[in-house]
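Report on one structure; see the data block that follows.
Numbering (the numbering used here), first residue to last: 1 to 631.
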């Protein structure tokens with residue numbers, strides 16, 4: 001036990017090190033208490049105030065570690081290495097270039113590529129010293145004050161967390177390398193929840209990223225992340241969305257919370273980012289920067305940030321992601337240019353995604369720029385289940401300024417057999433931009449049959465599969481040729497043809513300008529029911545309020561109001577040919593509904609006009625039977 005000690009490292013290699021033999025445990029409650037150490041500035045090694053390694057039951061409490069080395073020193077004030085069992089670092093004050101980390105001497109900046117073994121480690125291994133590693137079994141870092149010019153708490157490289165690693169109730173002031181950076185890996189167990197990483201209730205003021213989590217079973221909750229100085233985001237240079245971003249020493253240097261890749265190269269799995277506050281930073285609020293398995297982002301508050309509220313970085317992907325009950329206010333404050341719209345929530349390439357009950361208020365309202373501003377943006381051909389429900393999206397663009405091509409909810413390029421559910425959302429522009437190309441809802445998918453569709457529609461068996469593959473990639477089915485009927489093999493039936501199912505129900509959708517309030521262009525069956533669609537500007541009398549193209553369409557129970565020649569323009573196609581797979585009934589609008597390009601009154605009035613039901617017959621395509629629909 002070491003108590004009430006003072007240490008001064010005055011020369012090279014005179015830093016205080018605590019290297020307890022493996023198996024030796026502190027018998028008292030505290031192994032180190034009230035210790036004051038000062039690291040030297042004469043060498044990088046002596047700048048480390050305290051080193052803990054190969055120890056058990058170590059408790060460092062109420063100590064003060066001050067690192068006098070200049071900002072170029074590549075060492076933390078307190079270094080962790082080797083095996084640490086049941087270590088507790090609590091109620092300390094740490095001042096230095098970097099606070100608490102698992103490397104004593106490194107050749108690269110703290111926080112740089114925390115998931116890789118860097119050049120300094122390789123050089124040390126070549127000298128026979130081995131690669132530095134850290135294995136923790138029950139590590140607690142709690143109630144500390146860290147004042148750091150680089151990283152606050154950083155554990156990366158070859159790091160393995162066993163049982164629970166808990167970083168909680170710390171106050172961190174840090175620089176470009178990040179507030180809390182935790183990568184590496186967690187242990188595996190047949191029993192769920194045995195090994196996990198918890199980062200909770202920390203107060204972080206930082207220049208770089210606030211929290212970087214790159215392990216399985218990470219729980220990031222209840223933290224507050226903000227810049228360590230007030231930022232004037234509106235005067236920053238515009239970000240080019242289309243340009244390739246340069247490689248950075250620290251990935252996502254100004255973002256709030258980053259889910260990153262650690263030692264596991266396939267996917268970061270079973271992570272939660274819940275109940276955090278990200279305020280006033282220059283980058284994105286929450287960033288997914290790696291492939292993920294299951295990820296929950298819930299009940300977070302992102303306010304006044306320069307970038308997007310929730311962003312998936314290029315190259316990332318997901319298996320199952322839930323974005324629920326987040327509040328995003330005044331996001332995208334830094335101007336953005338390019339043809340790719342920015343978004344309050346931008347996600348891509350997720351097999352199963354649910355965006356539920358989020359509130360977005362203010363998207364790009366203090367910034368100009370040529371990029372559009374979406375509310376919720378989902379893209380990627382890998383999405384098979386998409387649920388967008390109960391979200392409230394308001395306040396897009398700047399009144400009196402142009403709003404480029406944008407959408408409240410934008411869903412593009414899902415899988416051919418996707419299930420898409422957009423229901424009970426409120427999307428309101430809430431501003432008065434000049435001639436905006438704004439859509440409250442836009443859903444678009446490739447209309448050409450995919451290889452998967454062709455294979456499933458072709459006859460079952462090796463020859464049929466090969467024929468479907470060749471037809472979809474080389475021959476292409478000629479226009480007008482019927483899709484071959486599925487054959488049976490033995491007593492079994494062919495699988496049902498792959499087809500997207502799109503449901504749009506119970507939404508309030510508002511737009512302004514010449515673009516349709518709703519634009520849907522899909523290969524599959526679309527049900528559009530019980531929606532209120534409004535277009536505030538009545539001067540665009542030659543355009544339509546709702547544009548819907550699908551293999552089959554059900555349009556019922558909608559209230560459509562605003563300027564436009566038609567309430568809805570519905571087109572149903574199969575392999576590019578007009579079909580009569582539609583039903584239009586029980587809608588209320590001053591305008592009519594045009595079906596498959598009809599021009600007469602019969603096709604313009606397939607709904608209730610001014611509350612009076614008008615039975616009509618839509619004009620059928622040549623040679624096709626008519627379909628009657630009653631208002």
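Glycine residues also receive a C-beta, built at the ideal position from the N, C-alpha and C atoms.
Going by DSSP, what residue range makes up the beta strand (DSSP E) through residue i?
| i | result |
| --- | --- |
| residue 145 | 145 to 148 |
| residue 352 | 350 to 356 |
| residue 419 | 419 to 423 |
| residue 569 | 566 to 574 |
| residue 255 | Run containing residue 255: none; DSSP gives neither H nor E here. |
| residue 227 | 224 to 227 |
| residue 141 | 140 to 142 |
| residue 553 | 552 to 556 |
| residue 583 | 582 to 585 |
| residue 178 | 178 to 182 |
| residue 396 | 392 to 396 |
| residue 521 | 518 to 521 |
| residue 136 | 134 to 137 |
Can residue i and residue j be called in contact, C-beta distance under 8 angstroms?
| i | j | result |
| --- | --- | --- |
| residue 208 | residue 183 | no |
| residue 420 | residue 443 | yes |
| residue 311 | residue 287 | yes |
| residue 360 | residue 394 | yes |
| residue 594 | residue 563 | no |
| residue 517 | residue 546 | yes |
| residue 560 | residue 568 | yes |
| residue 99 | residue 151 | yes |
| residue 318 | residue 350 | yes |
| residue 212 | residue 276 | no |
| residue 102 | residue 80 | yes |
| residue 228 | residue 206 | yes |
| residue 292 | residue 259 | yes |
| residue 365 | residue 410 | no |
| residue 511 | residue 429 | yes |
| residue 638 | residue 391 | For residue 638 there is no data in the structure shown, the boundaries of the chain being 1 and 631. |
| residue 578 | residue 558 | no |
| residue 187 | residue 158 | no |
For the putative contact between residue i and residue j, defined by C-beta atoms under 8 angstroms, what is the C-beta separation to the nearest angstrom?
| i | j | result |
| --- | --- | --- |
| residue 440 | residue 408 | 5 angstroms |
| residue 644 | residue 373 | Only positions 1 to 631 of the chain appear in the structure, and residue 644 is not among them; the question remains open. |
| residue 587 | residue 556 | 7 angstroms |
| residue 82 | residue 57 | Incorrect: roughly 15 angstroms between the Cβ atoms, too far for contact. |
| residue 296 | residue 268 | At roughly 13 angstroms, the Cβ-Cβ gap does not stay under 8 angstroms, so residue 296 and residue 268 are not in contact. |
| residue 134 | residue 87 | Contact flag wrong, Cβ pair sits at about 11 angstroms. |
| residue 363 | residue 402 | About 15 angstroms separates the two Cβ atoms, so there is no contact after all. |
| residue 220 | residue 272 | 7 angstroms |
| residue 301 | residue 324 | The pair is not a contact, with the Cβ atoms about 13 angstroms apart (cut-off 8 angstroms). |
| residue 423 | residue 384 | About 18 angstroms; that fails the 8 angstroms criterion. |
| residue 499 | residue 525 | 6 angstroms |
| residue 283 | residue 307 | 5 angstroms |
| residue 530 | residue 506 | 5 angstroms |
| residue 171 | residue 203 | 5 angstroms |
| residue 322 | residue 305 | Not confirmed; about 21 angstroms, so no contact. |
| residue 501 | residue 533 | Contact flag wrong, Cβ pair sits at about 21 angstroms. |
Quick check on residue i: does DSSP put it in helix, strand or coil?
| i | result |
| --- | --- |
| residue 282 | coil |
| residue 194 | coil |
| residue 129 | Note that residue 129 scores a pLDDT of 49, beneath 50, so its modelled location is shaky; the value from the coordinates is reported in the next line. Three-state DSSP puts residue 129 in coil, outside helix and strand. |
| residue 84 | strand |
| residue 154 | strand |
| residue 410 | strand |
| residue 78 | strand |
| residue 51 | strand |
| residue 104 | A caution first: residue 104 carries a pLDDT of 47, below 50, which makes its placement in the model too unreliable to give a value. |
| residue 10 | Its pLDDT being 30, under 50, residue 10 is placed unreliably by the model, and the measurement read from it follows with that caveat. Three-state DSSP puts residue 10 in coil, outside helix and strand. |
| residue 309 | coil |
| residue 381 | coil |
| residue 277 | strand |
| residue 203 | strand |
| residue 577 | strand |
| residue 121 | Low local confidence applies: a pLDDT of 45 at residue 121 is under 50, so the model's placement there is unreliable, and no value is given. |
| residue 170 | coil |
| residue 295 | strand |
| residue 592 | strand |
| residue 301 | strand |
| residue 270 | coil |
Within 8 angstroms (strictly less), CB to CB, does residue i reach chain D?
| i | result |
| --- | --- |
| residue 413 | No chain D appears in the structure shown, which is made up of a single protein chain. |
Any contact between the region 138 to 158 and the region 81 to 92? By contact I mean 3 or more CB pairs, one from each, below 8 angstroms.
Touching, yes, given that three or more Cβ pairs across the two stretches are closer than 8 angstroms.
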